[in-house]
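Q: In the numbering used here, the protein residues as written are 14 to 139.
1. Check whether the segment 120-138 touches the segment 32-45, taking contact to mean three or more Cβ pairs, one atom from each stretch, closer than 8 Å.
2. Tell me the DSSP secondary structure of residue 58 in three-state form.
3. Do the CB positions of residue 48 and residue 93 come within less than 9 Å of each other?
4. If you drop the 5 nearest sequence neighbours on each side, which residues of the same chain put their C-beta closer than 6 Å to that of residue 74?
5. State buried or exposed for residue 119, treating a residue as buried only when at least 16 other CB atoms are found within 10 Å of its CB.
6. Sort 85, 32 and 38 by Cα distance to residue 130 and report the nearest one.
7. Under 9 Å, do residue 23 and residue 96 count as touching if we go by C-beta distance?
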């Protein structure tokens with residue numbers, strides 16, 4: 014979830030069942046969010062790489078090499094995979110419910126940056 018770190022912290026505090034926003038036109042759509050350690054590890058991975066994306070190719074290469082030796086990044090990636098596998102096993106094998114989940118909906122109406130309305134309305138069943 015790109016954007017404001019304060020809004021991210023507040024959504025973690027409140028953990029809404031539905032969060033609707035709509036400014037980033039290219040990110041139109043909806044996706045489930047799970048308030049668990051896999052989500053927290055994924056957001057840590059994204060947060061450490063996002064600031065380097067605005068620099069040139071040399072810094073991107075340096076960032077890539079640094080990522081290869083980033084132990085915390087590898088641990089977070091392993092957490093995302095492990096919790097993801099456990100979630101699938103829990104839901105599919107044991108028939109567990111997905112508790113503690115919600116929906117993030119980017120309801121941007123404008124299609125990309127065309128200046129024209131073109132995205133269809135989002136419907137979410139809670």
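Note that CB positions come from ideal geometry on N, CA and C, so glycine has one too.
What you are looking at is a predicted structure, and each value in this text was computed from that prediction instead of being measured.
A: To lay it out plainly:
1. yes
2. helix
3. no
4. none
5. buried
6. The shortest Cα separation from residue 130 among 85, 32 and 38 belongs to 38.
7. Not a contact, by the Cβ cut-off of 9 Å.
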